[in-house]
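A.B. asks: In my numbering, the protein residues as written are 1 to 187.
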Ligand code: GAR
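Here it is as structure tokens:
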């Protein structure tokens, strides 16, 4: 059975969706790069947590520290559920095909550096798109690229703000992420 580590940087509602699904039995560890409410969610569910500070360790120090923790906990699959730090190229290369990310837009549109959280929804509205959604994908060489596993769409409606659109997308994320991770776990 796969031993999964879920990475969070914030509220962790996507982590909660995983905890509330059949994925839970495979979650061995929750990792954050800053103080995050997601860690409390994990602890409440009886899952081990590790907090490593991006601020103190820097980009390469953080990737090195994570690599060590992954080895200690014998992790073989990583799920990035609202995780905001970017890994070194070495780390990404080593985990290619074994690292899954959720992004709050229909990739390949509205991805890349700086495209996270409300920035994504602001860009979708500014581009006058008629639909948005979320994407679960394997992490490729860059930010927000790599093989798409599953996507879900939502409409953009008249009068949408980044907040209303984000809420509609997030609701779909909570359904899509467990479904996509389970499909990977089942091979
Ligand atoms: C989610 O919308 C996720 O797709 C997004 O951050 C939010 C985290 O929410 N991720 C990115 O923007 C990554 N580029 P959560 O902490 O409540 O799960």
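Every residue gets a Cβ at the ideal spot worked out from N, C-alpha and C, and that includes glycine.
The model shown is predicted, which means the values in this text are computed figures rather than measured ones.
1) With a Cβ-Cβ cutoff of 8 Å, do residue 115 and residue 123 count as a contact?
2) Return helix, strand or coil for residue 88, following the three-state DSSP convention.
3) Let me check understanding here. Comparing Cα to Cα, which of 112, 173, 90, 134 lies closest to residue 84?
4) Residue 11: beta carbon under 7 Å from a heavy atom of the ligand GAR?
5) Starting from residue 150, trace the alpha helix (DSSP H) in both directions and tell me its first and last residue.
6) What whole-angstrom Cβ distance do residue 10 and residue 36 have, given they're in contact under 8 Å?
7) Measuring CA to CA, which of 159, 96, 23, 128 is closest to residue 177?
8) What did DSSP end up calling residue 61 once you bin it into helix, strand or coil?
9) When you measure from the CB of residue 104 to every non-hydrogen atom of the ligand GAR, does any distance come out below 7 Å?
10) Taking the Cβ atom as the reference point for each residue, do residue 132 and residue 170 lie within a distance shorter than 8 Å?
11) Using 8 Å as the threshold, is the C-beta distance between residue 29 and residue 5 below it?
12) What residues match up with residue 26 in a beta bridge as DSSP calls it?
13) Extract the residue ranges of the alpha helix (DSSP H) inside the region 90-170, only unbroken runs of 4 or more that lie entirely within it.
14) Between residue 12 and residue 82, which are expected to be in contact by the criterion C-beta below 8 Å, what is the C-beta distance as a whole number of angstroms?
15) For residue 20, count the other beta carbons within 10 Å of its own beta carbon; 16 or more makes it buried, fewer makes it exposed. Which is it?
16) Does any heavy atom of the ligand GAR sit closer than 7 Å to the C-beta of residue 70?
17) Using DSSP's beta-bridge definition, name the partner residues of residue 78.
18) Less than 7 Å separating the Cβ of residue 115 from some heavy atom of the ligand GAR?
19) Would you give the residue range spanned by the beta strand (DSSP E) that residue 51 belongs to?
C.D. replies: Based on what the coordinates show:
1) Start at 1 with the first residue of the chain shown, and residue 115 comes out as number 115. Start at 1 with the first residue of the chain shown, and residue 123 comes out as number 123. Yes, the Cβ-Cβ distance between residue 115 and residue 123 is below 8 Å.
2) Translated into the one-based positions of the chain shown, residue 88 becomes position 88. Looking at residue 88 - three-state DSSP - the assignment turns out to be coil, as it is neither helix nor strand.
3) For the purposes of this step, residue 84 is identified with residue 84 of the chain shown, where counting begins at 1. Residue 84 has its Cα closest to that of 112, out of 112, 173, 90, 134.
4) Sequence index remark: in the chain shown, residue 11 carries index 11 (1-based). It does: the Cβ of residue 11 is within 7 Å (strictly closer) of some heavy atom of the ligand GAR.
5) Counted from its first residue, the chain shown places residue 150 at position 150. If you look at residue 150, you'll find it isn't in any alpha helix (DSSP H); it sits in the beta strand (DSSP E) that goes 148-155.
6) Sequence index remark: in the chain shown, residue 10 carries index 10 (1-based). Sequence index remark: in the chain shown, residue 36 carries index 36 (1-based). So it is a contact: roughly 6 Å between Cβ atoms.
7) Locating residue 177 in the chain shown gives position 177, where the first residue counts as 1. Per the Cα distances, 23.
8) On the chain shown, residue 61 is found 61 positions in, with the first residue counted as 1. Residue state for residue 61 is assigned as helix, using DSSP reduced to three classes.
9) Residue numbering aside, residue 104 sits at position 104 when the chain shown is read from its first letter. Yes, the beta carbon of residue 104 sits closer than 7 Å to at least one heavy atom of the ligand GAR.
10) If you number the chain shown from 1, residue 132 lands on position 132. If you number the chain shown from 1, residue 170 lands on position 170. Cβ distance not < 8 Å, so residue 132 and residue 170 don't count as in contact.
11) Along the chain shown, read from residue 1 onward, the residue named residue 29 stands at position 29. Along the chain shown, read from residue 1 onward, the residue named residue 5 stands at position 5. Cβ atoms of residue 29 and residue 5: closer than 8 Å.
12) Indexing the chain shown from 1 puts residue 26 at position 26. None, per the DSSP bridge assignment.
13) Entirely contained in the region 90-170, the alpha helix (DSSP H) runs reaching 4 residues are, in chain order, 118-126.
14) For the purposes of this step, residue 12 is taken as residue 12 along the chain shown, with counting starting at 1. For the purposes of this step, residue 82 is taken as residue 82 along the chain shown, with counting starting at 1. Correct: roughly 7 Å between the Cβ atoms.
15) For the purposes of this step, residue 20 is taken as the residue at position 20 of the chain shown. A residue is called buried when at least 16 other Cβ atoms come within 10 angstroms of its Cβ; residue 20 does not meet this threshold and is exposed.
16) Residue mapping note: residue 70 aligns to position 70 of the chain shown, counting from 1. Not so, every heavy atom of the ligand GAR lies at least 7 Å from the Cβ.
17) Numbered from 1 along the chain shown, position 78 holds the residue referred to as residue 78. Answer by DSSP bridge pairing, in chain order: 5, 99.
18) Within the chain shown, residue 115 is the residue found at index 115, counting from 1. Yes, the Cβ of residue 115 comes within 7 Å of a heavy atom of the ligand GAR.
19) Translated into positions along the chain shown, residue 51 becomes position 51. In the DSSP annotation of this structure, the continuous segment of the beta strand (DSSP E) that includes residue 51 starts and ends at 49-51.
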